[in-house]
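Sequences listed follow chains L and W, in order.
For the first sequence, the numbering used here begins at 1052 and goes up steadily by one.
For the second sequence, the numbering used here begins at -19 and goes up steadily by one.
What follows is a single structure, written as structure tokens, with notes after it.
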Amino acid sequence: MKKQTITTLSKTDAQSRVDQIRSFQTELELIEKENIVSFDENQQNSIAEYHENLITQLSTAFDIDSNKREKQFSFGMKIASFLGAVALASSVFFFFYQFWGGYSTTIQVLILVTAPFIALAGTMFIAYRDSTGYFSKLLGLITYACFTLNIIMLGQIFNIIPSQNIFLVLGVFALLLAYVSDARLLLIIGLIGISCFISTQAASWSGIYWLNFGMRPETFLPAAIILFLIPTFISHKKYSGFDSAYRIFASILFFISLFIMSHWGASSYFSLSNKSIEGIYLLAGFIFSVGAIWLGIRKSLPAIANVGSIFFVIFLYSKFYDWWWEWMPKYLFFMIIGLTAILALIIFKQFRSDSQKNIKVVL
Amino acid sequence: MKKLIYILGFSLIFIVNIIIFSGVIYNRSKKPVFLIELTERELQMPYRKNDENSGLSLKLKWRTINNTKWFNEEKLKELGFEIKKYADRVEYKKYRKTSVPKKVFIVLEYDGKPYNEAVKNAEIKLEKEANAIKAGIEKNNNDFNSAKKDLKDVKEHRTRLYAIDVGFDADILKEKYNESGKFIIVPGTAKIRYNYIDDKKEAYGYVSGISVDNIHVPLQFRKTFDSLPKKNRSSRYKPMPPRYKVKLAYGKRFEPWIQSVQVFE
């Protein structure tokens, strides 16, 4: 593989490639044993040499797992890194809260302002030396915690009137950290910040005090749509799972907003009766969840199809609950839920068979 | 590319802190816009000490009275609230939207007419209960005792800070309420409420919150608060005179800070 092609891959792509190679080697061994196919010595050596060179290049470039044992250790490192990051970030907050009351304002300000600078410098230093990426992700989250503490505590010390710009600032900072340390957790934190900012802005423009943006869930819909479209226009191939994270987060935000509106018509901007609004949003929920399933299948985005399926079921079952729970005997209610699930199974099985038939026709 | 992102990160931290400190310096530059002395009744310490948080903030306590009189439909229209005239309760339930607050400036008056009215109302209620017992209408003293406690609470424990007006323009409010040491104007929020009593439909406003109602105590004043005897602390069930008074300043951005603290002997 040429060097320029490696640089366009993300770590996830590289790992998938190595996993693919290992699976191929295992399968080849099996079919050779069963005499389905047989390569001569030259062919076997060519294939083996090509694969070993490729694995070496990818391992050097991305520090990926080249076998099952390494994978198991990496999984452990991922969990340890996540827990360590969350715990250390939390400890930053609690540590400051525990001792800040005993310091003068000057000392408090000095600590709060210098902490994010030092943490970011530390993240930068570790990133250049840590090929695994786990330590830089850990420090990235600590840096984010320090910056958040910086802003929040200065607000408390000087009794500053809260502003919605805090969402924008923290969202952008989390995104910057996410992109330097290839960390999906920081990406999600950043997306939460950005969508809250868009929502508070939409609320402010309609005359609502920004802190109460949650009382008009419709303000989250434009944010969700914008975030969903970002991977369409900006490719994140070099970053592990970023495209997927954008779409999944945006879909979940979108469907949660629709779900809330389908039960809380009184929070809508529209002047229709509350029941009508709830009905419209319920219908929209069903249409868009089916749309998400279709889009997920069509564009090979299984995560989106899954989100669509989950919310279709949530919308359906919540309506069953609204219609029947009060008066229907409970055994009958759960029987209907079960039968609906079986019906869904049959439908999905039919989709699956149709898709398998299509593959056979193509072959 | 990563280098650029790091530079952006450092710049963001720097710029945000510059903005924060610029705002603080601007707020506290020159003379405070408002300077008021409030006692423990209006600026309360937390009831319980939080072992996980060594900082101390005083809670600004305020009340409202007679909202339907001063925060009436005329004031609501002035603030741009949409007052819907629902035909009846059914229509009200069908079309009513969850009330959302608007950002406003709130005028708080210290020890003024509204507080005196609250004291008078409590006195009238006590007299009414006393008369009821004398007339034999009431069989026991429960309501009378409750009214007596309420009067003591209003006179000795409850805040004397009352919201009396709201508006969008702080300058207009400053001009109208310009008596020093008596009024403060703070940013906050207001909402609309509907009263549906029998066939009478009434919309009125209420102050739903103040933007900054927890005021940080800097280290130089901590010893004063830490040394206060707990047994003399006033509560609703055991009203006692306030233990301290605080000189509170409000700056150009309507953000407060403590200027001085004095313990009562």
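Built from N, CA and C at the ideal position, the CB exists for glycine as well.
- Item | Beta-carbon neighbours of SER1155 of chain L, restricted to chain W and to distances below 7 Å | Within 7 Å Cβ-Cβ: LEU199.
- Item | Beta-carbon contacts of GLY1135 of chain L that lie in its chain and below 7 Å, excluding the five residues immediately before and after | Taken in chain order, the residues that qualify are LEU1189.
- Would you mind sorting TYR142 of chain W into buried or exposed? The rule is 16 or more other CB atoms within 10 Å of its CB. By the neighbour-count criterion, in which 16 or more other beta carbons inside 10 Å mark a residue as buried, TYR142 of chain W falls on the buried side.
- What is the rounded straight-line gap between the Cα of TYR66 of chain W and the Cα of TYR75 of chain W? Cα-Cα distance, rounded: 8 Å.
- Message: Below 8 Å on C-beta distance, what does SER1324 of chain L contact in chain W?
- Response: The contacting residues are LYS74 and TYR75.
- Item | Sequence-distant residues of the same chain with beta carbon closer than 8 Å to PHE1279 of chain L, five excluded per side | Within the same chain, and ignoring the five residues on either side of PHE1279 of chain L in sequence, the residues whose Cβ sits closer than 8 Å to its Cβ are TYR1297, ARG1298, ALA1301, SER1302 and PHE1305.
- So which residues on chain W does ARG1267 of chain L lean against when the C-beta distance must stay under 7 Å? Under the 7 Å cutoff, chain W gives VAL80.
- Query: Applying a beta-carbon distance threshold of less than 9 Å, which residues of chain L neighbour TRP237 of chain W?
  - Reply: Those within 9 Å of TRP237 of chain W in chain L are PHE1209 and ASN1210.
- Item | Whole-number beta carbon distance between LEU59 of chain W and PHE163 of chain W, since they are thought to touch under 8 Å | Actually they do not touch by this definition, with Cβ atoms about 19 Å apart.
- Item | Residue span of the beta strand (DSSP E) that contains GLY231 of chain W, given as start and end | Counting along the chain, no beta strand (DSSP E) covers GLY231 of chain W, and no H or E run does either.
- With a cut-off of 8 Å, does the C-beta of LYS(-18) of chain W fall near any C-beta of chain L? Interface residue, yes.
- Message: Rounded to the nearest angstrom, what separates VAL1413 of chain L and GLY1173 of chain L at their Cα positions?
- Response: Note on VAL1413 of chain L: pLDDT 49, under 50, position unreliable in the model; the coordinate value appears next. Near 54 Å, if we compare the C-alpha coordinates of GLY1173 of chain L and VAL1413 of chain L.
- Query: Residue range of the alpha helix (DSSP H) that HIS1102 of chain L falls in?
  - Reply: Element bounds for HIS1102 of chain L: 1092 to 1113.
- Task: Closer than 6 Å by C-beta to ILE1072 of chain L: which residues in its own chain qualify, once you throw out the five before and the five after it? Chain order, please.
- Result: Correct list, in chain order: HIS1102.
- So which residues of chain W does TRP1151 of chain L contact, with C-beta pairs closer than 9 Å? ASN33, SER34 and GLY35, listed in chain order.
- Query: When Cβ atoms are compared, which residues of the segment -19 to 7 of chain W fall closer than 7 Å to chain L?
  - Reply: Of all residues in the segment -19 to 7 of chain W, LYS(-18), ILE(-15), TYR(-14), LEU(-12), GLY(-11), PHE(-10), LEU(-8), ILE(-7), VAL(-4), ASN(-3), ILE0, GLY3 and VAL4 have a Cβ within less than 7 Å of some Cβ in chain L.
- Residue nearest to MET1045 of chain L in terms of C-alpha spacing, selected from L:PHE1186, L:LEU1139 and L:ALA1253: Here chain L comprises residues numbered 1052 to 1414, so residue 1045 of chain L is not present and cannot be evaluated.
- Could you give the distance in angstroms between the alpha-carbon of GLN1055 of chain L and the alpha-carbon of GLN1401 of chain L? Per-residue confidence for GLN1055 of chain L stands at a pLDDT of 46, beneath the threshold of 50, marking its modelled position as unreliable; the derived number appears in the next sentence. It is roughly 43 Å from the alpha-carbon of GLN1055 of chain L to the alpha-carbon of GLN1401 of chain L.
- May I ask which residues mark the beginning and end of the alpha helix (DSSP H) holding GLY147 of chain W? First-last for GLY147 of chain W: 141 to 147, but that is the beta strand (DSSP E), not the alpha helix (DSSP H).
- Pull out every residue of the segment 162 to 176 of chain W whose Cβ sits closer than 7 Å to any Cβ of chain L, in chain order. Residues of the segment 162 to 176 of chain W with a C-beta less than 7 Å from any C-beta of chain L: PRO167 and THR169, listed in chain order.
- Task: Can you give me, in chain order, the residues of the segment 177 to 196 of chain W that have a beta carbon less than 7 Å from any beta carbon in chain L?
- Result: When C-beta distances to chain L are compared with 7 Å, the residues of the segment 177 to 196 of chain W below that value are SER191, VAL192, ILE195 and HIS196, in chain order.
- Query: Shortest alpha-carbon distance to SER1246 of chain L belongs to which of L:TRP1256, L:PRO1353, L:VAL1231 and L:ILE1276?
  - Reply: Taking only the C-alpha atoms, the option nearest SER1246 of chain L is L:ILE1276.
- Compute the Euclidean distance between the alpha carbons of ASP206 of chain W and GLU1377 of chain L, then round it to the nearest angstrom. Going by the C-alpha atoms only, they are around 55 Å apart.
- Task: Taking ILE86 of chain W as part of the beta strand (DSSP E), name the residues at either end of that continuous run.
- Result: Unbroken beta strand (DSSP E) run through ILE86 of chain W: 82 to 90.
- Whose CA, out of W:LEU(-8), W:LEU(-16) and W:ILE144, lies closest to the CA of LEU1221 of chain L? Comparing Cα-Cα distances from LEU1221 of chain L to each of W:LEU(-8), W:LEU(-16) and W:ILE144, the minimum goes to W:LEU(-8).
- Return the Cβ separation of TYR1230 of chain L and TYR1320 of chain L in integer angstroms, given the expectation that the two are a contact with Cβ distance under 8 Å. Actually they do not touch by this definition, with Cβ atoms about 35 Å apart.
- Message: Could you compute how far the alpha carbon of VAL1358 of chain L sits from the alpha carbon of SER1404 of chain L?
- Response: About 22 Å.
- On the three-state DSSP scale, how would you describe THR44 of chain W? The answer is coil: DSSP assigns THR44 of chain W none of H, G, I, E or B.
- GLU155 of chain W, enclosing alpha helix (DSSP H) - first and last residue: Note, GLU155 of chain W: alpha helix (DSSP H), 150 to 156.
- Message: When you compare the CB of ALA1035 of chain L with every CB in chain W, is at least one pair closer than 8 Å?
- Response: The requested residue 1035 of chain L is not part of the displayed model; chain L covers only 1052 to 1414.
- Along chain L, in chain order, which residues have C-beta atoms closer than 9 Å to that of GLY60 of chain W? Among the residues of chain L, those whose CB is under 9 Å from the CB of GLY60 of chain W are GLY1258, following chain order.
- Item | At least three beta-carbon pairs within less than 8 Å, the segment 1152 to 1165 of chain L to the segment 1392 to 1401 of chain L | Counting Cβ pairs under 8 Å, fewer than three are found: no touch.
- How about LYS83 of chain W: is its C-beta nearer than 8 Å to some C-beta of chain L? Yes, because at least one Cβ of chain L sits closer than 8 Å to the Cβ of LYS83 of chain W.
- Query: Would you say ARG140 of chain W touches the ligand SAM, meaning its beta carbon is less than 7 Å from a heavy atom?
  - Reply: The ligand SAM is not among the ligands present in this structure, which contains no ligands whatsoever.
- Using a Cβ-Cβ cut-off of 8 Å, state whether ARG43 of chain W counts as contacting chain L. Output row for ARG43 of chain W: interface = no.
- Query: Does the beta carbon of ARG28 of chain W sit closer than 8 Å to a beta carbon anywhere in chain L?
  - Reply: It does not: the Cβ of ARG28 of chain W has no partner Cβ on chain L nearer than 8 Å.
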